[in-house]
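> Going letter by letter, the sequence shown gives residues 10 to 976 in my numbering.
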Amino acid sequence: MTAPTPPTPPFRDPHLPFAKRVDDLMSRLTLDEKTGFLHQFAPAVERLGIAAFRTGQEALHGVAWMGPATVFPQAVGLGATWNEDLVRRVGEAVSREARAMRARDDRVGLNVWSPTVNLLRHPLWGRNEEGYSEDPALTSAIATAYTRGLRGEHPTYWRTAPVLKHWLAHNNETGRDTCSSSVRPRVLNEYDLRAFRATVEAGAVAGVMPAYNLVNGRPNHVSPYLRERLRTWTEEDLLVCSDAGAPSNLVDSEHYFDTHEEATAAALRAGVDSFTDHGTDSSRIVARVRGALEQGLLTEADVDAAVRRQLSVRFRLGEFDPEHDPYAVTGDTGDSTDTATDTAGATAADFDTPEHRALAREAAEQAVVLLKNDGVLPLAPDARVAVVGLLADECKLDWYSGTLIHRSTPLEGLYERFGADRVSFAEGVDRVRLRTADGTFLHVLPAEDSPDAARGTEGALDPALLAGRTDLPPLTTDATGTELALIDWGEGALTLRAPDGRYLSVAEDGFVRASADQPGGWIVQETFRLEPHGNGHLLRHTGTGRHVQVAADGVKVAAEDHSGTPDVFALVVTERGEDAVTRAAAEADVVVVVAGNDPHINGRETEDRTTLRLPAHQERLLRAARTANPRTVLALVSAYPYAVDPAALPAVLWTAHGGQAAGTALARVLAGDVSPAGRLPQTWYADDADLPGLLDYDVIGGRQTYLYFEGTPLFPFGHGLSYASFGYADLTARVAEGAVSVSFTVTNTGDVAADEVAQLYARAEDPSVPRPRRELLAHRRLTLAPGAAARVSFEVPLPAFAFWDVAHDRWRLEPGPYALLVGASSEDVRLSATVTLDGEPAAPRPVGERGLEAAGFDEQSGTEIVDRTRVAGDAVTPATGRTGELLYRNCDFGPGVTGVTVAVAGGGTVDVALDGGPWRTALSPDAPTPGPYDYVELHAAFAAEGVHDLRIRLRGSLRLAHVGFSG
10 MTAPTPPTPP FRDPHLPFAK RVDDLMSRLT LDEKTGFLHQ FAPAVERLGI AAFRTGQEAL
70 HGVAWMGPAT VFPQAVGLGA TWNEDLVRRV GEAVSREARA MRARDDRVGL NVWSPTVNLL
130 RHPLWGRNEE GYSEDPALTS AIATAYTRGL RGEHPTYWRT APVLKHWLAH NNETGRDTCS
190 SSVRPRVLNE YDLRAFRATV EAGAVAGVMP AYNLVNGRPN HVSPYLRERL RTWTEEDLLV
250 CSDAGAPSNL VDSEHYFDTH EEATAAALRA GVDSFTDHGT DSSRIVARVR GALEQGLLTE
310 ADVDAAVRRQ LSVRFRLGEF DPEHDPYAVT GDTGDSTDTA TDTAGATAAD FDTPEHRALA
370 REAAEQAVVL LKNDGVLPLA PDARVAVVGL LADECKLDWY SGTLIHRSTP LEGLYERFGA
430 DRVSFAEGVD RVRLRTADGT FLHVLPAEDS PDAARGTEGA LDPALLAGRT DLPPLTTDAT
490 GTELALIDWG EGALTLRAPD GRYLSVAEDG FVRASADQPG GWIVQETFRL EPHGNGHLLR
550 HTGTGRHVQV AADGVKVAAE DHSGTPDVFA LVVTERGEDA VTRAAAEADV VVVVAGNDPH
610 INGRETEDRT TLRLPAHQER LLRAARTANP RTVLALVSAY PYAVDPAALP AVLWTAHGGQ
670 AAGTALARVL AGDVSPAGRL PQTWYADDAD LPGLLDYDVI GGRQTYLYFE GTPLFPFGHG
730 LSYASFGYAD LTARVAEGAV SVSFTVTNTG DVAADEVAQL YARAEDPSVP RPRRELLAHR
790 RLTLAPGAAA RVSFEVPLPA FAFWDVAHDR WRLEPGPYAL LVGASSEDVR LSATVTLDGE
850 PAAPRPVGER GLEAAGFDEQ SGTEIVDRTR VAGDAVTPAT GRTGELLYRN CDFGPGVTGV
910 TVAVAGGGTV DVALDGGPWR TALSPDAPTP GPYDYVELHA AFAAEGVHDL RIRLRGSLRL
970 AHVGFSG
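#1: Looking at the structure shown, is K405 part of a helix, part of a strand, or coil, going by DSSP?
#2: Across which residues does DSSP place M218 in a beta bridge pair?
#3: Looking at C-alpha atoms only, which residue of L786, E836, T845 and S777 is the closest neighbour of V815?
#4: Helix, strand or coil for D958? Go by DSSP, reduced to three states.
#5: Please report the straight-line C-alpha distance between L547 and V921, rounded to a whole angstrom.
#6: Measure the alpha-carbon distance for F578 versus P508 and round it to whole angstroms.
#7: Quick check: what's the CA-CA separation for V96 versus E139?
#8: Out of F434, P725, I532 and G398, which one is the CA nearest neighbour of L495?
#9: Which residue comes first and which comes last in the beta strand (DSSP E) that contains I496?
#10: Give the DSSP bridge partners of W813, in chain order.
#11: Given a threshold of 16 other Cβ atoms within 10 Å of its Cβ, counted over all protein chains shown, does W134 qualify as buried or as exposed?
#12: Measuring CB to CB, does S190 end up less than 9 Å from N137?
#13: Using three-state DSSP, classify S262 as helix, strand or coil.
#14: When we look at the beta-carbon of S149 and count the other beta-carbons within 10 Å, is it buried (16 or more) or exposed?
#15: Who are the near neighbours of E101 in its chain, counting only those whose CB is closer than 7 Å to its CB and skipping five residues on each side?
#16: Quick check for students: name the residue ranges of the alpha helix (DSSP H) that lie wholly in the stretch 17-51, counting only runs of 4 or more.
#17: So if DSSP puts W91 in a beta bridge, which residue, or which two residues, is it bridged to?
#18: Please state whether DSSP places V972 in a helix, a strand or coil.
#19: List, from N- to C-terminal side, the alpha helix (DSSP H) runs of 4 residues or more that fit wholly inside the stretch 115-178.
#20: Is E862 helix, strand or coil by DSSP?
#21: By the DSSP assignment, the beta strand (DSSP E) with F5 in it spans what residues?
#22: For A809, which residues from the same chain have a beta carbon less than 7 Å from its beta carbon, with the 5 sequence-adjacent residues on both sides left out?
#23: Please confirm if the stretch 685-700 is in contact with the stretch 745-754, defined as three or more CB-CB distances below 8 Å between the two stretches.
#24: Three Cβ pairs or more, each shorter than 8 Å: is that satisfied between the stretch 391-405 and the stretch 630-638?
#25: Under three-state DSSP, which class holds R712?
#26: Smallest Cα separation from S966: which of G916, Y409, L326 and V295?
#27: What's the call for H24, buried or exposed, on a 16-neighbour Cβ count within 10 Å?
#28: In three-state terms, what does DSSP make of F205?
#29: For the candidate residues S841, G727 and G925, whose alpha-carbon lies nearest to that of A376?
#30: Is the stretch 876-890 touching the stretch 899-907 in the sense that three or more CB pairs, one from each, lie closer than 8 Å?
#31: Using the DSSP secondary-structure output, state which residues sit across from Q304 in a beta bridge.
#32: Return the chain-ordered list of same chain residues with a C-beta closer than 6 Å to the C-beta of A60, the five sequence neighbours on each side being excluded.
#33: Figure out for me which residue from D617, L840, E849 and W813 has the closest Cα to the Cα of F866.
#34: Out of S734, Q768, N606 and G667, state which residue places its alpha-carbon closest to the alpha-carbon of G796.
#35: Just tell me which of L248, R772, V805 and A767 has its CA closest to the CA of A799.
#36: Nearest-angstrom Cα distance between A469 and E374?
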C-alpha cells in the first residue's frame with residue numbers, strides 16, 4: 010500500500026496571497042531559525058526545504074563583483090541622459106543578466122542594492138559617480154525608471170528586488186561613519202526625503218539601505234524616519250538592509266551604544282531587517298540578537314517583524330514558486346513557464362546579448378554632454394585627428410563595475426571611425442627613471458604572467474593600429490633600469506607603469522612588481538607619492554604607507570615597523586608628457602584632449618576630493634595641446650564636475666565613465682554620427698570658493714545647488730548643447746482639477762536629426778519664505794528630425810508647488826503668482842508664463858499653548874541639530890566654538906504670556922529676545938546636566954503678546970529641545 014502524499018503546506022501554495030503564505034511559514038519557524046535569518050547570509054532550513062538566502066547584489070550600472078557582465082555608464086552618466094525610458098531599459102537588461110548569471114552561479118543575488126538616490130549636493134563627494142543628480146525630481150525620475158526595469162512588469166513576481174541607497178542625507182566620505190548631517194526640517198522634507206519618497210511611492214522598490222552617517226546626531230541605522238516616514242509611503246513590506254559593518258559601528262566607532270546587544274536591539278526595533286556585518290560569518294550577529302533577547306532588549310515579536318519583511322521579498326522573487334515564477338531561468342530556448350506578462354528573455358542565454366551591447370552603446374551616446382562648441386565639432390570627415398591625454402586610451406572602471414567583456418577607449422573608437430592613417434596619439438605620461446643614491450637605477454620585475462609584447466608608448470592597442478606613430482621611441486628596460494610611465498593624478502597621488510603596460514603594485518609579501526592591469530581594489534595598491542627629501546625624493550606607497558627601498562632580494566616596501574632606511578631617489582626625466590603631446594598636436598587638424606579621473610584615485614568611496622581643479626599634470630597637457638594647435642577640443646571623462654577654463658577652447662564635452670562602449674560612443678558624437686543631447690545633472694561651479702562646506706547640509710541657508718545658488722556657474726544645471734538648434738513657442742498654462750497643465754511646441758530648426766531635452770521649472774514670485782530661484786518640475790527628452798515639431802505637455806499636480814511650513818509642521822501651498830519657465834536648461838529659459846494658485850495663506854505660528862520645538866526654526870546661524878534622545882526627537886546646540894542664533898518668525902503669543910520655559914541638557918546659556926530688540930532673558934542651569942539626554946526645565950519671566958519674531962541665542966555646550974510659554 011502506497012503511503013499517502015503529505016499535504017502541501019500553505020506557504021507552498023501559489024494560489025494563496027503572499028501575506029497568508031508568510032504567516033504560515035512564520036508559524037513553522039523556530040525562534041533560532043528566525044534569528045538566523047537576520048544576518049545577510051541567512052542559512053537554509055532544510056527541514057522545511059528553504060534554501061539559503063543572501064541579501065545584497067551590487068548592480069549600480071550592471072551586475073558587479075561577480076565576473077564578466079555588461080557594463081553600462083556610471084550612474085551619474087545615466088542621470089545625464091535625462092531619459093527615463095532608456096534607464097528603464099538599462100535596469101531591465103541588468104536584471105535579466107542577474108537572473109542569467111544566477112543560473113550559472115548561485116552566489117549572484119536577486120536582492121540588488123541599487124540604485125543610489127543620494128543627491129549630488131556637493132561635487133567634491135567621493136561617491137559622486139554613484140548618484141543621478143543634485144535635483145530631487147530628476148533623481149527620483151531616473152531612480153524610478155531604473156527600479157522599474159530591475160523589478161519587471163509582472164503584477165505579482167519581481168525579476169530582482171531593488172534596495173535604494175543610502176538613507177539619509179549622505180554626501181560625504183570624510184568621517185562618514187562618525188559625522189552627523191545637520192538637516193533642518195525644510196531641507197529634510199523638501200530635499201533629502203523627496204528623492205526616496207517619490208521612488209518608493211512608484212511601487213518598484215523592495216527596500217532601502219541606511220547610510221553610515223548620522224543625521225541630526227543619530228545614526229541612520231536607528232533612524233525613527235524608517236518607521237515614521239519610509240514605511241508610511243507604501244503598503245508593500247520594505248526590507249531594510251544595513252550597510253556593511255554599520256551595525257558594529259554603532260558601538261565601535263560611533264560609541265552611540267555601550268554594548269552590541271543594545272545597538273543591535275535598537276537597530277532592529279528602528280526597522281533594520283538584515284544585518285550586513287562580519288562578512289559571511291553570521292555567528293556574531295546571531296549572538297548579539299540572542300543576547301538582546303535574553304536581556305529583555307528585544308521580544309520575539311521584534312524578530313518576527315524583521316523576518317516577515319525578509320520573507321515577503323523572497324516570495325515576490327518567486328523563490329517558493331519556481332514553476333510559476335515568470336522570470337525563472339529556463340535554459341537557452343527563450344521559453345518561460347508563464348507567459349502572462351514581461352517574460353521575454355528569462356533564459357540562461359540572456360547575457361551579453363547583441364541587444365545589451367547595443368543598449369550599452371546607446372546609453373553611452375546619450376550620456377555625452379556638449380558643454381561648448383564654437384563650430385569645431387562635429388569633426389570633418391577628412392580631418393587629421395590627434396588624440397592625446399591620460400584617458401585617451403583608457404576605459405576606466407569603478408568600484409561598482411562588473412568585469413568588462415568588451416572594451417572601447419576613445420582612441421580605439423576614433424581609430425574605428427576615422428582609420429589609423431588619420432589618427433595619431435600621445436598619451437602624455439612623463440617618462441622617468443629612478444636613480445638611487447649610489448648611482449644605480451631602479452629595476453622593477455614584471456609579474457610572472459606579464460605579456461611578451463610591451464605596451465609601448467601609445468597604449469594597449471592592436472599592433473595593426475600602430476601604423477604611422479612616430480612620436481616616441483619604444484620603452485626599454487636595460488642596465489639603466491626600468492623606464493616608467495609616471496602619471497600624476499593630483500593631490501600627490503601618482504601611478505607608475507612598466508614597459509609591458511602593467512602598473513607597479515605591492516603584493517602581500519611587500520615586493521614591488523609590475524603586476525596590475527589597472528589601479529583598483531578597496532585599498533588601492535598601485536598609487537605612490539614622491540616626497541622631497543634632501544637632493545631627491547622618498548617614494549611612499551600609499552596603500553601601506555611605507556617607503557620603497559631597494560634590498561638585496563628586490564624592490565620592496567619597508568617592514569610594518571618601518572625599520573630600515575628608505576632609499577632616496579633622483580627622478581630622471583626621459584621625456585615630459587607635454588613634449589609628446591606638442592608633437593602630435595602640431596601635425597593634426599584637430600586635437601582631442603581626453604582628460605579626467607581614475608575612479609579609484611582621488612575621489613571614490615571612503616575618499617572625498619579636495620578641489621574642483623583639473624590635476625596639474627593634465628593642465629600641462631591641455632596647455633601644450635592648445636599652444637601647439639588652437640583647434641583643441643577638451644573631452645572630460647570623469648565621475649565629477651571640474652572647474653576648467655573653457656575660454657580658449659573651441660569645444661568642451663563631458664561624459665561620465667561610459668562603460669564598455671565609452672570610446673565608440675564618444676567617437677560617434679565627435680564625428681557627428683550622433684548629435685549630443687546629454688544634460689548636466691548637477692551644477693558645474695567655476696571655482697572652489699563657490700562651494701559650501703562639505704558637511705554643510707543646509708542647502709537653503711547655504712544657498713546650495715542650482716535651486717539656491719546665487720553666483721555664476723561655470724555651466725548650469727540642465728545645460729547641454731546640440732549639433733542642431735531648437736525653437737520653443739506657443740506656451741500655454743492653465744490651472745484645473747488640482748494640477749497645472751503646461752504645453753508648448755519644440756521645433757528642430759537645425760539641419761540634423763537630434764534629441765532635445767525640454768525642461769519646465771517654476772519659481773514662487775512672492776514667497777513668504779526663501780524658495781528656490783527655480784525648481785525643476787518636469788522634463789522630456791524627445792527626438793526630432795530637421796524641421797519637425799512636437800507638442801510637449803505636462804500635468805503638474807499642485808502639491809509640487811508646496812513647501813514645508815515649519816510653523817505648522819506640514820506641507821503648505823502658498824497662494825499667489827508662480828512663474829513657469831520653459832527652456833533648454835535652468836538658465837536657458839525660452840518661454841515663461843505666470844499662473845496664480847489658490848492655496849492656504851500664511852498663519853502665525855501658535856506658540857502660546859504648545860510652545861516651540863527647537864529644531865523648527867525659520868533661520869539659524871552657528872547651530873547644529875542633534876538628537877533629543879537616542880530614540881526620537883531633535884534638539885539644537887551651538888556649533889563647536891560658536892554662538893548660535895535661532896529665528897522663529899511670526900510667533901503668536903495671543904493675549905499675552907508672562908513666562909518662558911526651556912528644556913535643556915548640558916551646560917550653557919539661553920537668551921531670548923523679540924523682533925530686533927535687546928536680549929531680555931538669560932537662562933542657565935546651575936551646573937551642566939550629567940549627560941546629553943538629561944534634560945532640565947529652566948523658567949524665567951518673559952512678557953509678550955500678539956505676533957512677533959522670536960530670537961534665541963545659545964552659548965556653551967547645551968542642547969535646547971523645547972521652548973514653552975506660560976500665561
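Here a beta-carbon is modelled for each residue, glycine too, at the ideal position from N, C-alpha and C. Note that the structure is predicted; figures quoted are calculated from it, not measured.
Taking the geometry as given:
#1: What you label residue 405 is simply residue 396 of the sequence shown in a count that begins at 1. In this structure, K405 counts as coil in the three-state DSSP scheme.
#2: The sequence position of residue 218 within the sequence shown is 209, counting from 1. The bridge partners DSSP lists for M218 are K174.
#3: For the purposes of this step, residue 815 is taken as residue 806 along the sequence shown, with counting starting at 1. S777 is the residue among L786, E836, T845 and S777 whose C-alpha sits nearest the C-alpha of V815.
#4: By 1-based counting over the sequence shown, the position of residue 958 is 949. Three-state result, D958: strand.
#5: Working through the sequence shown from its first residue, we reach residue 547 at position 538. Working through the sequence shown from its first residue, we reach residue 921 at position 912. When rounded, the distance between both Cα atoms is 58 Å.
#6: To locate residue 578, count along the sequence shown from 1; it is residue 569. To locate residue 508, count along the sequence shown from 1; it is residue 499. For F578 and P508, the distance between alpha carbons rounds to 20 Å.
#7: Stepping through the sequence shown from its first residue, residue 96 is reached at position 87. Stepping through the sequence shown from its first residue, residue 139 is reached at position 130. Each residue's alpha carbon lies about 14 Å from the other.
#8: As a working note, residue 495 is residue 486 in the sequence shown. Comparing Cα-Cα distances from L495 to each of F434, P725, I532 and G398, the minimum goes to G398.
#9: On the sequence shown, residue 496 is found 487 positions in, with the first residue counted as 1. For I496, the uninterrupted beta strand (DSSP E) run begins and ends at L493 to G499, by DSSP.
#10: Taking the first residue of the sequence shown as 1, we reach residue 813 at position 804. Residue pairing by DSSP places W813 opposite W820 in a beta bridge.
#11: Locating residue 134 in the sequence shown gives position 125, counting from the first residue. A buried status is given to W134, since no fewer than 16 other beta-carbon atoms sit within 10 Å of its beta-carbon.
#12: Numbered from 1 along the sequence shown, position 181 holds the residue referred to as residue 190. Numbered from 1 along the sequence shown, position 128 holds the residue referred to as residue 137. No, Cβ-Cβ distance for S190 and N137 is not below 9 Å.
#13: One-based indexing of the sequence shown puts residue 262 at position 253. Three-state DSSP puts S262 in coil, outside helix and strand.
#14: By one-based count along the sequence shown, residue 149 stands at place 140. Buried: at least 16 other Cβ atoms inside 10 Å.
#15: Along the sequence shown, read from residue 1 onward, the residue named residue 101 stands at position 92. Within the same chain, E101 has close Cβ partners G158.
#16: Segments of the alpha helix (DSSP H) lying fully in the stretch 17-51: 27-37 and 40-45.
#17: By 1-based counting over the sequence shown, the position of residue 91 is 82. DSSP output for W91 lists no bridge partner at all.
#18: Residue 972 sits at position 963 when you count from the first residue of the sequence shown. Of the three classes helix, strand and coil, the one that applies to V972 here is strand, per DSSP.
#19: List check, alpha helix (DSSP H) in window: 145-160.
#20: Position 853 of the sequence shown, counted from the first residue, corresponds to residue 862. Three-state DSSP puts E862 in a strand.
#21: Only positions 10 to 976 of the chain appear in the structure, and residue 5 is not among them; the question remains open.
#22: Working through the sequence shown from its first residue, we reach residue 809 at position 800. The beta carbon of A809 lies closer than 7 Å to those of L786 in the same chain, with the five residues before and after it left out.
#23: Output reads no: the stretch 745-754 does not touch the stretch 685-700.
#24: Judged by pairs of C-beta atoms under 8 Å, the stretch 391-405 touches the stretch 630-638, as three or more such pairs exist.
#25: Stepping through the sequence shown from its first residue, residue 712 is reached at position 703. The DSSP-derived three-state label of R712 is coil.
#26: Numbered from 1 along the sequence shown, position 957 holds the residue referred to as residue 966. Comparing C-alpha distances from S966 to each of G916, Y409, L326 and V295 shows the shortest one belongs to G916.
#27: Walking along the sequence shown from the start, residue 24 turns up at place 15. With fewer than 16 Cβ atoms within 10 Å of its Cβ, H24 is classed as exposed.
#28: Counted from its first residue, the sequence shown places residue 205 at position 196. Three-state DSSP puts F205 in a helix.
#29: Working through the sequence shown from its first residue, we reach residue 376 at position 367. Of S841, G727 and G925, the residue nearest in Cα terms is G727.
#30: Taking 8 Å as the limit for Cβ pairs, the verdict is that the stretch 876-890 does not touch the stretch 899-907.
#31: Position 295 of the sequence shown, counted from the first residue, corresponds to residue 304. Answer is none; Q304 lacks a bridge partner.
#32: Residue numbering aside, residue 60 sits at position 51 when the sequence shown is read from its first letter. The answer, listed in chain order, is A53.
#33: Taking the first residue of the sequence shown as 1, we reach residue 866 at position 857. Selected option, being the one with the closest Cα: W813.
#34: Here residue 796 corresponds to residue number 787 of the sequence shown, with the count starting at 1. Looking at the Cα atoms, S734 is the closest of the given residues.
#35: Counting from one through the sequence shown, the residue named residue 799 turns up at place 790. Per the Cα distances, A767.
#36: As a working note, residue 469 is residue 460 in the sequence shown. As a working note, residue 374 is residue 365 in the sequence shown. Residue confidence is low: A469 scores 30 on pLDDT, short of 50, so the model does not pin down where it sits. Its coordinate-derived value is still stated next. Whole-angstrom Cα-Cα distance: 23 Å.
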